[in-house]
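Participant:
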Amino acid sequence: MKSWKTILFLSLLVAFILSPFASPHPDGLERVAENLSFAEKATSALAFSPMPDYTVPGISNEKISTATAGIIGTSVAFAAVFLAAKALKRGEARD
Amino acid sequence: MPGIGHEGLAQVACAFMAFCFQKLYERVNFMHIPDGFLDVKTIATTAAISAYAIKKDVEKTRKILGDRDIPVMGVMAAFIFAAQMVNFPIMAGTSGHLLGAALATALMGPYSAGLVITTVLIVQCIFFQDGGLLALGANILNMAVVAPMVAYFIIAAMKRNFHFSGVDTVAIFAASWLSVVTASVFASLELALSGTVALKAVLAPMVSIHALIGVGEGLITVAAVAYIGKVLNIKPDEGSRYFSTDAESMNGGGSAK
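So the protein lines, in turn, are chains A and B.
The first sequence runs 817 to 911 under our numbering.
The second sequence runs 113 to 369 under our numbering.
This is the structure:
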């Protein structure tokens, strides 16, 4: 197995196995926002988001929903950077 | 009949508008700065700085990008996305998660790291409603521009000035910790500049919580750099390939003035 594929596999494993068991508590920023009572201002300018809150709509089991969102997000992040870097390299070759 | 037609059309239009704007009044959960926290001048300023930084990242990355680096950048994005989903508890009722700026910087230098984290933030914003669309510039500035630069300067400075064994590990830990804390300072400044909360109220809690999260960041980063560096066969010397390129161009720029 090529070495980068090992890390991709590890990332998918982390997303699938560990993310459903992540701490459900708010992180640093959300905790501070709640304590100082400006968390209520949090909105989204996006009318639609396919997987809000790292859950896949339609999957009722919370852990499976999070794990699936994790797999999708990890794959999308990989593909996006991979394709962007490839395009960058092609652009360089043309210069 | 045309009257009814118009009425129907108006109803559809209203329903569509309601659908589009309902989110603007709905409280959302978040790990990154959501919409509703920043004012127009802060949104515009941070977006402009981030756009300039991304342009620089692209130029610098282009210069050092080898064929082998393409999948490496991809898997770094995958790993950082996955790791950011795994919140770890830091104290009662509060969690933290990896940022990944020092991790990416230690393995790829600050410019490629900036591009990787920027892409992760865009994916999180669009697909997962985490971090506001209007706040994207601010989130990129804090986590994909400032944090990698802080990590870069700490690692470079410590490697240059200290030569004890294990200096790499200490430098990576320090870079991780300070990159997270500095990002939290910038987030606090943006919130205060927007009039959302007073700086003197928000700065201390943000920094103290992120000082704890930074310890987790440091531990995970030290382990991840060692493991990923080994698997991807990025030797410390090769890691510094990106560094020396950067340092040379920076020194060159400095001496020219």
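Cβ atoms here follow ideal geometry from the backbone N, Cα and C, with glycine treated the same way.
What number of angstroms, rounded off, separates the C-alpha of D151 of chain B from the C-alpha of A861 of chain A?
Facilitator: By one-based count along the second sequence, residue 151 of chain B stands at place 39. By one-based count along the first sequence, residue 861 of chain A stands at place 45. Near 13 Å, if we compare the C-alpha coordinates of A861 of chain A and D151 of chain B.
Participant: DSSP on D843 of chain A, reduced to helix/strand/coil?
Facilitator: Taking the first sequence and counting its residues from 1, one reaches residue 843 of chain A at position 27. D843 of chain A falls in the strand class under three-state DSSP.
Participant: Please report the residue range of the alpha helix (DSSP H) in which S827 of chain A lies.
Facilitator: Indexing the first sequence from 1 puts residue 827 of chain A at position 11. Residues 819-829.
Participant: By the DSSP assignment, the beta strand (DSSP E) with P201 of chain B in it spans what residues?
Facilitator: Indexing the second sequence from 1 puts residue 201 of chain B at position 89. P201 of chain B -> beta strand (DSSP E) spans 200-203.
Participant: Can you confirm whether the region 227-235 of chain B touches the region 885-904 of chain A when touching is taken to mean that 3 or more C-beta pairs between the two stretches lie within less than 8 Å?
Facilitator: The region 885-904 of chain A vs the region 227-235 of chain B: in contact.
Participant: Alpha carbons only, please: which of A:T890, A:A896, A:A895 is nearest the one belonging to I192 of chain B?
Facilitator: In the second sequence, residue 192 of chain B corresponds to position 80, counting from 1. Of A:T890, A:A896, A:A895, the residue nearest in Cα terms is A:T890.
Participant: Tell me the rounded alpha-carbon separation between A194 of chain B and I340 of chain B.
Facilitator: Position 82 of the second sequence, counted from the start, is the residue given in the question as residue 194 of chain B. Position 228 of the second sequence, counted from the start, is the residue given in the question as residue 340 of chain B. The straight-line gap from Cα to Cα measures roughly 14 Å.
Participant: Taking all protein chains shown into account, decide if A335 of chain B is buried (16 or more other Cβ within 10 angstroms of its Cβ) or exposed.
Facilitator: Counting from one through the second sequence, the residue named residue 335 of chain B turns up at place 223. So A335 of chain B ends up on the exposed side.
Participant: Please classify K207 of chain B: does DSSP put it in a helix, a strand, or coil?
Facilitator: The count along the second sequence starts at 1 and reaches residue 207 of chain B at position 95. It should be pointed out that residue 207 of chain B corresponds to Ser in this sequence rather than to Lys. Three-state result, S207 of chain B: strand.
Participant: Are the beta-carbon atoms belonging to L219 of chain B and M255 of chain B less than 9 Å from one another?
Facilitator: On the second sequence, residue 219 of chain B is found 107 positions in, with the first residue counted as 1. On the second sequence, residue 255 of chain B is found 143 positions in, with the first residue counted as 1. No, these two residues do not count as a Cβ contact at 9 Å.
Participant: Taking only the alpha-carbon atoms, compute the straight-line gap between A250 of chain B and K167 of chain B and give it to the nearest angstrom.
Facilitator: The residue given as residue 250 of chain B occupies position 138 in the second sequence. The residue given as residue 167 of chain B occupies position 55 in the second sequence. For A250 of chain B and K167 of chain B, the distance between alpha carbons rounds to 16 Å.
Participant: Using a 10 Å radius around the Cβ and a threshold of 16 neighbouring Cβ atoms, would you call S277 of chain B buried or exposed?
Facilitator: Walking along the second sequence from the start, residue 277 of chain B turns up at place 165. Per the 10 Å Cβ criterion, exposed.
Participant: Could you work out which residue in B:N199, B:S300, B:V309 is closest to V319 of chain B when comparing CA atoms only?
Facilitator: Along the second sequence, read from residue 1 onward, the residue named residue 319 of chain B stands at position 207. Of B:N199, B:S300, B:V309, the residue nearest in Cα terms is B:S300.
Participant: Could you check if E329 of chain B belongs to the surroundings of the ligand NAD, using beta carbon to heavy atom distance under 8 Å?
Facilitator: Absence of the ligand NAD is noted for the structure shown, with no ligands found whatsoever.
Participant: In this structure, how does DSSP classify T871 of chain A when only helix, strand and coil are distinguished?
Facilitator: Walking along the first sequence from the start, residue 871 of chain A turns up at place 55. In this structure, T871 of chain A counts as coil in the three-state DSSP scheme.
Participant: Between B:L331, B:K312, B:G212, which has its C-alpha nearest G281 of chain B's C-alpha?
Facilitator: Stepping through the second sequence from its first residue, residue 281 of chain B is reached at position 169. Note that residue 281 of chain B is Thr in the sequence shown, not Gly. Looking at the Cα atoms, B:L331 is the closest of the given residues.
Participant: Is S881 of chain A close to chain B, meaning its C-beta is less than 9 Å from at least one C-beta of that chain?
Facilitator: Counting from one through the first sequence, the residue named residue 881 of chain A turns up at place 65. Taking Cβ atoms only, chain B never reaches closer than 9 Å to S881 of chain A, which makes this a no.
Participant: With 16 as the cutoff for other CB atoms within 10 Å, does Q122 of chain B come out buried or exposed?
Facilitator: Your numbering for residue 122 of chain B matches position 10 in the second sequence. Per the sequence shown, residue 122 of chain B should be read as Ala rather than Gln. A122 of chain B comes out exposed.
Participant: I'd like to know whether the C-beta of G249 of chain B is nearer than 9 Å to at least one C-beta of chain A.
Facilitator: Locating residue 249 of chain B in the second sequence gives position 137, counting from the first residue. No, G249 of chain B lies away from the interface with chain A (no Cβ there is under 9 Å from its Cβ).
Participant: Just the C-alpha distance for T206 of chain B and E878 of chain A, rounded to the nearest angstrom, thanks.
Facilitator: The residue you call residue 206 of chain B lines up with position 94 of the second sequence. The residue you call residue 878 of chain A lines up with position 62 of the first sequence. Taking the straight line joining both Cα atoms gives about 20 Å.
Participant: Cutting at 7 Å between CB atoms, please list the residues of its own chain near I182 of chain B, excluding the five before and the five after it.
Facilitator: Taking the second sequence and counting its residues from 1, the one referred to as residue 182 of chain B is at position 70. For I182 of chain B, where only same-chain residues beyond five positions count, there are no Cβ hits under 7 Å.
Participant: From the DSSP output, which residues share a beta bridge with D147 of chain B?
Facilitator: The sequence position of residue 147 of chain B within the second sequence is 35, counting from 1. A:T859.
Participant: Please tell me whether P842 of chain A has its Cβ less than 9 Å away from any Cβ of chain B.
Facilitator: The residue you call residue 842 of chain A lines up with position 26 of the first sequence. Taking Cβ atoms only, chain B reaches closer than 9 Å to P842 of chain A, which makes this a yes.
Participant: Between the alpha carbons of A963 of chain A and S819 of chain A, how many angstroms are there, rounded?
Facilitator: An answer regarding residue 963 of chain A cannot be provided, because it is not within the stretch 817 to 911 covered by chain A.
Participant: Which class does F276 of chain B belong to by DSSP, given the choice of helix, strand or coil?
Facilitator: Stepping through the second sequence from its first residue, residue 276 of chain B is reached at position 164. Three-state result, F276 of chain B: coil.
Participant: Are the C-beta atoms of S860 of chain A and some chain B residue less than 9 Å apart?
Facilitator: Residue mapping note: residue 860 of chain A aligns to position 44 of the first sequence, counting from 1. Cβ-Cβ to chain B under 9 Å: yes for S860 of chain A.
Participant: Go through its chain and collect everything with a Cβ distance to T357 of chain B's Cβ below 6 Å, but skip five positions before and after it.
Facilitator: Within the second sequence, the letter at position 245 stands for residue 357 of chain B. Any reading at T357 of chain B needs caution, since the residue's pLDDT is 44, under 50, leaving its predicted position unreliable; the model's value is listed next. Closer than 6 Å at the Cβ level, and outside the excluded window around T357 of chain B, lie I176.
Participant: Can you list, in chain order, the residues of its chain whose CB lies under 6 Å from that of S291 of chain B, leaving out five sequence neighbours each side?
Facilitator: For the purposes of this step, residue 291 of chain B is taken as residue 179 along the second sequence, with counting starting at 1. Closer than 6 Å at Cβ, skipping near neighbours: A213, A214, A259, V262, A263.
Participant: Indicate the three-state DSSP secondary structure (helix, strand or coil) for N141 of chain B in the structure shown.
Facilitator: Counting from 1 along the second sequence, the entry for residue 141 of chain B is found at position 29. Note: N141 of chain B maps to coil in three-state DSSP.
Participant: On the premise that F894 of chain A lies in contact with A190 of chain B, defined as a C-beta separation below 8 Å, what is that separation, rounded to the nearest angstrom?
Facilitator: In the second sequence, residue 190 of chain B corresponds to position 78, counting from 1. In the first sequence, residue 894 of chain A corresponds to position 78, counting from 1. About 4 Å separates the two Cβ atoms, so the contact holds.
Participant: Check each residue of the region 889-910 of chain A: if its Cβ is closer than 9 Å to any Cβ of chain B, include it; give the result in chain order.
Facilitator: Going along the region 889-910 of chain A in chain order, one finds G889, T890, S891, V892, A893, F894, A895, A896, V897, F898, L899, A900, A901, K902, L904, K905, G907, E908 with a Cβ nearer than 9 Å to chain B.
Participant: Excluding the five sequence neighbours on either side, which residues of its own chain have a C-beta within less than 6 Å of the C-beta of F298 of chain B, listed in chain order?
Facilitator: As a working mapping, residue 298 of chain B is identified with position 186 in the second sequence. Within the same chain, F298 of chain B has close Cβ partners N254, V258.
Participant: Counting contacts by CB-CB distance shorter than 9 Å, is P873 of chain A in contact with chain B?
Facilitator: Position 57 of the first sequence, counted from the start, is the residue given in the question as residue 873 of chain A. Not one chain B Cβ lies under 9 Å of P873 of chain A.
Participant: For a test of the three-state rule: what should DSSP assign to G241 of chain B, helix, strand or coil?
Facilitator: Stepping through the second sequence from its first residue, residue 241 of chain B is reached at position 129. Note that residue 241 of chain B is Gln in the sequence shown here, rather than Gly. Of the three classes helix, strand and coil, the one that applies to Q241 of chain B here is coil, per DSSP.
Participant: Where F777 of chain A and A159 of chain B are concerned, what is the direct C-alpha to C-alpha distance, given to the nearest angstrom?
Facilitator: There is simply no residue 777 of chain A to check, as chain A begins at 817 and stops at 911 in what is shown.
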